[in-house]
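Working notes, structure below.
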Amino acid sequence: MTPGGSPLYAPLSRLETAPPPGDRWDALKTLVRARLLVVTLALPIGVLLRPDSTVEAWWVLAGSLLAVGLLSAAFWLGARMRRGLGIQTYLQLGADLLLVTALSALSGGRNSQFVLFYALVVITGGLVGSLAGGLFAAAGSCIGFLALPWIAVWLGVAPEAVDLAAVPRPGMLIAFLAVVGVLAGILGRRVQRTREDLERTSRELDRVRVDNDAILRHLTTGVLTVDRDGNTGYLNPAAEQMLGLRGAAVRGRRIQVALPDRLARLRDVVAGTLDRQAPRVRVELMITHEQGREFPIGVSTSLLMHDGAVTGVVAVFQDLTEVREMERRARRNETLAEVGALAAGIAHELRNGINPISGSVECLQRELHLEGENLMLMELINKECNRLNRFVSDLLSYARDREMAPEMVDLHQHLAEFCDLVARDPRAVDRVTVRFEPGESGAAVRVDREQIRQVWLNLATNAIQAMETGGTLRVRWRCIEPEQVVVEFEDEGPGIAAEDLPRVGQPFFTTKDGGTGLGLAIAQRIVERHGGSLSLDSQPGRGTTARVMLPCVAVSVAQAA
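In my numbering, the protein residues as written are 1328 to 1888.
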């Protein structure tokens, strides 16, 4: 409970279970303790208050105490074993009846002050054994009381004169004990039912608490609670991870102190909900992680009510980074689709004009014997026609998605063969070293072999062209999750400027002389069609790493063999 009486901490912060109610075995143990207490106090007092006490009475007292002590020890051990509940219950009641009867017979029979203990035995029988136990104790008490004169003679005690004025009539006593037995049994049954209801309610409450705790702990959505005094109550693991906080460290602290300034926007939303007592729905805001990374979250707040009064606020929030990335990709795909449609039309018209020009130039080169400047101009026309033709081919390749023919490909073998071919490329033989770094185990991916090869070729070409003065191209792959693999192309070139990095991959953007700006865009589109992603990590002066993430169908050493 919070200082204001809000029940926020117990159900949400941790699992707190109260001790279960005592069962009937505990009742038997309580009976053993009560018997010892009553015998220890009542027997000496009963002997001392009797005016005609003799030495024999003290011997009876000592024997009774010893017998009760031994029986109590035996009954305690039996209750600890927890076997034969009904038998142990009636054994204890029967022993009590025998003790009271013997003690009464030895201390005056029906005139004994210990006859009153029959009522205690009957009440105990009802409480411990319900109605059956109460009736059993009442019947045993009546029989014992009626048989006291004969039992006294059997024990060798001289019968005393009965004071009819002081001793109740047997019929009245039997009726009294019977009524007490029935009432005690009814009371015992109600107590037992109440105890069972409490145990059932306690188990159900524990189950609900465990379920709630498990649900909150496994939610990927963050949950934060604040009581009506503005004290932080609970953060689930998802909230701790998103906010960079520890629930145990902030619990019970004012929200203005618990949430630092980097979480000021979230703090203001929660505090505003509490102050205005008005919930907020899907508020989008930016917060900063403890590592300095800024990311968007969506927050909804609700008021916690109890008996019509506000007891606190619960805030539910979710990291929107992936949602924003999906939206960005959707907008990009829409733009690319429009650009692709436009590019297809332009490429078609350009090719219609280039083909006659290229054919005419080839005819002129065969028929005319040009020299000097005329020859250079003719070669320039031919070169530019070829370049425009390649550009048109890239445009058409980007605009029209070829139908995929996926097949199972051993990634290790596929990349090893590709690296071997790249190492023999004339552009790389003299100045670039190609190093293949395979993963620890084999991986199989389901891809279109030719299209994914086009991706590797584009990334390798970009890396080789970036290392104008030479260097090492490292091609590596590894499994980062059971169903995902990453392939990296790392070069030692000059890197990409920070202002250019976000634009790399966009159609027609290039930093190379003579580049079309479509190669990386085509590669990215192919990777996305395979359910993966392509990203670049680059710093000026430290080279560039192109990273391709692909779904991995199977991972095993056997497949790599």
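Even glycine gets a Cβ: it sits at the ideal position worked out from N, Cα and C.
For Ile-1614, the enclosing beta strand (DSSP E) begins and ends at 1610–1615. Three or more beta-carbon pairs separated by less than 8 Å link the stretch 1506–1514 to the stretch 1456–1470, which places the two stretches in contact. Our two residues, Gly-1557 and Glu-1808, have alpha carbons roughly 42 Å apart in a direct line. In the three-state reduction of the DSSP assignment, Asn-1438 falls in the helix class. Ser-1434 and Ala-1394 have their C-alpha atoms roughly 16 Å apart.
Glu-1819 places its beta carbon less than 9 Å from that of Gly-1870. Residue state for Asn-1660 is assigned as helix, using DSSP reduced to three classes. Runs of beta strand (DSSP E) with 3 or more residues, each lying fully within the stretch 1519–1604, are found at 1549–1554, 1559–1562, listed in chain order. Residues Leu-1742, Ala-1743, Cys-1746, Val-1802 of the same chain have their beta carbon placed closer than 7 Å to that of Phe-1763, with the five preceding and five following residues left out of the count. Residue pairing of His-1857 in beta bridges, as defined by DSSP: absent, with no partner found. Within the same chain, Cβ atoms closer than 6 Å to the Cβ of Arg-1758 are found at Gly-1797, the five residues on either side in sequence being excluded.
In this model, Gln-1811 and Gly-1859 are separated by some 9 Å (Cα to Cα). Among the bridge pairs identified by DSSP, Leu-1424 is matched with none.
Leu-1828 sits close to Leu-1863, with the two beta carbons spaced by under 9 Å.
By alpha-carbon distance to Val-1448, the top candidate from Ala-1432, Ala-1465, Arg-1520 is Ala-1465. By the neighbour-count criterion, in which a residue is buried when 16 or more other Cβ atoms sit within 10 angstroms of its Cβ, Ser-1431 is buried. Rounded to whole angstroms, Leu-1748 and Cys-1879 show a C-alpha spacing of 24 Å. In the structure shown, Pro-1878 falls within a strand segment according to DSSP collapsed to helix, strand and coil. The C-alpha of Arg-1594 is placed about 10 Å away from the C-alpha of Ile-1614. Counting only runs of at least 4 residues, the stretch 1776–1816 fully encloses the following alpha helix (DSSP H) elements, listed from N- to C-terminal order: 1776–1793. Of all alpha-carbon atoms in Ala-1354, Ser-1627, Arg-1573, Ala-1576, the one lying nearest the alpha-carbon of Gly-1599 is that of Ser-1627. Membership of Ala-1770 in the beta strand (DSSP E) is indicated by the continuous run 1770–1774.
Under the criterion of beta carbons closer than 8 Å, Gln-1781 and Ile-1684 do not qualify as touching, at roughly 28 Å. The beta-bridge partner set that DSSP reports for Gln-1645 consists of Gly-1625.
When secondary structure is reduced to three states using DSSP, Asp-1737 falls in the strand class.
A check of alpha carbon separations from Ala-1750 across Thr-1799, Val-1442, Glu-1665 identifies Thr-1799 as the nearest. The C-beta of Asp-1588 has fewer than 16 other C-beta atoms within 10 Å across all chains shown, which makes the residue exposed. Ser-1457 is positioned such that its CB atom lies closer than 9 Å to that of Gly-1515. The stretch 1351–1360 makes contact with the stretch 1398–1408; the number of CB pairs closer than 8 Å reaches 3 or more. Here the alpha carbon of Met-1794 sits roughly 29 Å from the alpha carbon of His-1857.
Per DSSP, reduced to three states, the secondary structure at Glu-1711 is helical. The beta carbon of Met-1705 sits closer than 7 Å to the beta carbons of Val-1688, Leu-1691, Gln-1692, Leu-1697 from its chain, once the five residues preceding and following it are set aside; these are given in chain order. The DSSP-derived three-state label of Met-1632 is strand. Ile-1450 sits away from Phe-1472, with the two beta carbons spaced by 9 Å or more. Annotated three-state conformation of Glu-1826 is coil, per DSSP.
Residues Leu-1454 of the same chain have their beta carbon placed closer than 8 Å to that of Val-1518, with the five preceding and five following residues left out of the count.
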